[in-house]
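Number of protein chains: 2
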Amino acid sequence: MTLGSDVVSEDRRIAVVAGGVGAAKFLRGLLQVHSNHLVTALVNVADDFRLHGLAISPDLDTVTYTLGGLVNPETGWGRAKESWTVRDELERLGGETWFNLGDLDLAVHLYRTQRLGDGATLTEVTKEICDKLGIEAQLLPASNQEIRTQLKLEGGGWVDFQDYFVAQQHSVAVENLRFQGIEEALPGPSVISSLEEADAIVIAPSNPFVSVNPVLEIAGVGDVIKRRRENVVAISPIVGGAALKGPASRMLEELGFERSVVGIASLYEEFASALVIDHEDVELAAKVEAAGLRSVVTDTIMSDQGRAAALAKAVLENT
Amino acid sequence: MTLGSDVVSEDRRIAVVAGGVGAAKFLRGLLQVHSNHLVTALVNVADDFRLHGLAISPDLDTVTYTLGGLVNPETGWGRAKESWTVRDELERLGGETWFNLGDLDLAVHLYRTQRLGDGATLTEVTKEICDKLGIEAQLLPASNQEIRTQLKLEGGGWVDFQDYFVAQQHSVAVENLRFQGIEEALPGPSVISSLEEADAIVIAPSNPFVSVNPVLEIAGVGDVIKRRRENVVAISPIVGGAALKGPASRMLEELGFERSVVGIASLYEEFASALVIDHEDVELAAKVEAAGLRSVVTDTIMSDQGRAAALAKAVLENT
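Line by line, the protein sequences give chains A and B. Last residue of the first sequence? That's 319 in the numbering used here, and every number before it is there in order. Last residue of the second sequence? That's 638 in the numbering used here, and every number before it is there in order.
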């Protein structure tokens, strides 16, 4: 293979700003087409919370389960072949079961909580779990400090992210967002250096408001990404005006942005120089370009691993 | 039925100072022969600890599982029909599995931890669990404050109780004991009043050092029991010089007491006016009496529920 300007170099370091399901699928595709040890994911921790005293990191778990081959293929999160003995018994006791903790999933939370209690950092615990699961890519929690997404719901007060997302199934309009603790939070170890040293930075097709933004707003992270803007490509989580999963498209409208890839472009304009959009949105490419981002039109719907790999390849070719 | 001095009155309030397995078996027997709502157990909490962030109360759980009909009949603790999905997965992750948390057992710890995190007291959580399990007797944690048994092992330093009892399987000689936090701990709600109002107080056949003593040493508890000495009967956990379960007989010797019911008598002499001993120890009855306690000789080995009920009946007849 001859390296040239139109050929993807295989030894490039790639940093990916990641949320949950969409990011996990993209990363799994990327690891099929790129050297795994050159991939670093900077994973959102603002959805993390404590339940039953356990430290739960939904986005880190979704990414590790997906890359470790353990994820439930039907949902894209949680464990395959999960069992529910603990949850059913908890329900019988009148306990809180809205988060639906499966038995296999629980083991990971027990492990993480124990290790954090021992004094390990989330970065260290995540590496331990990745090592056990044979994941060669580097997964870095965006921060080891506590950041907590809260949402102000229409006609109501501020609620925690999981209350909105899981308990209320994101069915209520969002008026505002905040990330408790983010002003004091530091980037996790290697987060800044992996962004500085990356040959390309990818913003995964995750919710910009609740997955990507609480990574970008951590001290220094957004700044280095802005500085690297020419090497940053974002993948739109919106196709044809709708999010493939979750409330991203509704939030665009609720928070005053255009409910389309153009809204995504306006959100990422400072951070990325290119936006990957789906063929379905090809007629909006000019508006994306007008918003200041180069548009890359390809298939972005990762309905299987082959398509995810093809998307990753297209992204690499355009960075 | 005619009430008389030689007949057990059925409306007497009975308070039982309780540890784990032995106490649970005795209580189950007692509930077969006495009005359940008149029975209060004051349960040791000094074995309680946190593991994986979860609040675990081994003695309370053993008693609730036994009285709720959920206990593993082979061990006398833990759950019947238990499954181990979480533990096996935790082991695969390299997590700590020495305490062997079963799936059904875990649900109770999740429930308790969540409720304590919500601000409920251990007394309240215990009542909620008892209500769910249909337990009519009142189970009271000896304290809602943290008390932690620690043991100084021969040739070593101080270790936590579960380290000694479970991880090291109580196979190392004990040189000394202490109960961290007991000086600041207050008796739980209704603990003192249930002792004051009881018509009879029973010290269950539990380990005097690590189960009974950390109840007696809580401020006010030992004092009220001493004041009620004439109405207090203790049941020896030692038969023929050996404990039926656990390290009680070894501890007697290691801590300088006679390894027999006579050692038990000397430990309880201030608190109880009678000691129930097994027929096997009938030749030591005189020495028990010499130590200042009336001896009650009966079958104390609760090898089945019928024998436990018979022991409870004998105890009631002698208070």
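Positions of the beta carbon are idealized from the N, C-alpha and C atoms, including for glycine.
> Are the C-beta atoms of Gly388 (chain B) and some chain A residue less than 8 Å apart?
Replying inline: no
> With contact counted as at least three CB pairs below 8 Å, one residue from each stretch, are the stretch 226 to 238 of chain A and the stretch 267 to 276 of chain A in contact?
Replying inline: yes
>> Closer than 8 Å between beta carbons: that is the criterion. Which residues of the stretch 446 to 463 of chain B meet it against chain A?
In response: Listed in sequence order: Glu447, Ile448 and Lys451.
> From this set, B:Leu379, B:Ala584, B:Leu574 and B:Gly539, which residue's C-alpha is nearest Ile554 (chain B)'s C-alpha?
Replying inline: B:Ala584
> With burial defined as no fewer than 16 other Cβ atoms inside 10 Å of the residue's Cβ, what is the status of Asn363 (chain B): buried or exposed?
Replying inline: buried
>> If you reduce the DSSP assignment to three classes, tell me which class Ile583 (chain B) lands in.
In response: Ile583 (chain B) sits in a helix when the DSSP states are folded into three classes.
> Checking contacts by CB at 8 Å: is Asp422 (chain B) closer than that to chain A?
Replying inline: yes
> Can you list the residues of chain A that Gln499 (chain B) reaches, using a CB-CB cut of under 7 Å?
Replying inline: Within 7 Å Cβ-Cβ: nothing; Gln499 (chain B) doesn't reach chain A, min ~18 Å.
> By DSSP, does Leu244 (chain A) sit in helix, in strand, or in coil?
Replying inline: coil
> In this structure, does DSSP put Val491 (chain B) in helix, strand or coil?
Replying inline: coil
> In whole angstroms, what separates the C-alpha of Pro524 (chain B) from that of Pro556 (chain B)?
Replying inline: 4 Å
> Expressed to the nearest angstrom, what Euclidean distance is found between the alpha-carbon atoms of Ile537 (chain B) and Asn176 (chain A)?
Replying inline: Roughly 51 Å separates the two Cα atoms.
> What are the boundary residues of the alpha helix (DSSP H) that Arg115 (chain A) is part of?
Replying inline: Asp103 to Asp118
>> I'd like to know whether the C-beta of Ser376 (chain B) is nearer than 8 Å to at least one C-beta of chain A.
In response: The beta carbon of Ser376 (chain B) sits no closer than 8 Å to any beta carbon of chain A.
> Hey, how far is the Cα of Leu106 (chain A) from the Cα of Val21 (chain A)?
Replying inline: 19 Å
>> Using a Cβ-Cβ distance cut-off of 8 Å, determine whether Glu96 (chain A) contacts chain B.
In response: yes
>> Quick check on the DSSP output: the beta strand (DSSP E) that includes Leu389 (chain B) runs from which residue to which?
In response: Unbroken run through Leu389 (chain B): none, as it is neither H nor E.
>> Does the structure place the stretch 561 to 568 of chain B close enough to the stretch 600 to 611 of chain B that three or more beta carbon pairs sit under 8 Å?
In response: no
> For Pro392 (chain B), does the count of other Cβ atoms within 10 angstroms reach 16, so buried, or fall short, so exposed?
Replying inline: exposed
> Between the C-alpha atoms of Leu359 (chain B) and Ala593 (chain B), what's the straight-line distance to the nearest angstrom?
Replying inline: The sequence as given places Thr at residue 359 (chain B); Leu does not occur at that position. Their Cα atoms are separated by approximately 20 Å.
> In chain A, which residues lie less than 9 Å from Ala426 (chain B) when you measure between Cβ atoms?
Replying inline: Thr85, Val86, Arg87, Asp88, Glu89, Leu90, Glu91, Arg92, Leu93 and Gly95
> Taking 8 Å as the CB-CB cut-off, is Tyr384 (chain B) touching chain A?
Replying inline: no
>> Considering only their Cβ atoms, is the gap separating Leu60 (chain A) from Leu139 (chain A) smaller than 8 Å?
In response: The answer is yes: Cβ separation under 8 Å.
> Hey, how far is the Cα of Leu603 (chain B) from the Cα of Val616 (chain B)?
Replying inline: 10 Å
> Of all Cβ atoms in chain A, is any one closer than 8 Å to the Cβ of His371 (chain B)?
Replying inline: True, the Cβ-Cβ gap to chain A drops below 8 Å.
>> Taking contact to mean 3 or more Cβ pairs, one atom from each stretch, closer than 8 Å, check whether the stretch 443 to 454 of chain B and the stretch 425 to 434 of chain B are in contact.
In response: By the criterion of at least three beta-carbon pairs nearer than 8 Å, the stretch 443 to 454 of chain B is in contact with the stretch 425 to 434 of chain B.
>> Nearest by alpha-carbon distance to Thr62 (chain A): which of A:Pro141, A:Ser190 and A:Gly117 is it?
In response: The shortest Cα separation from Thr62 (chain A) among A:Pro141, A:Ser190 and A:Gly117 belongs to A:Pro141.
>> DSSP three-state label for Ser614 (chain B), please.
In response: strand
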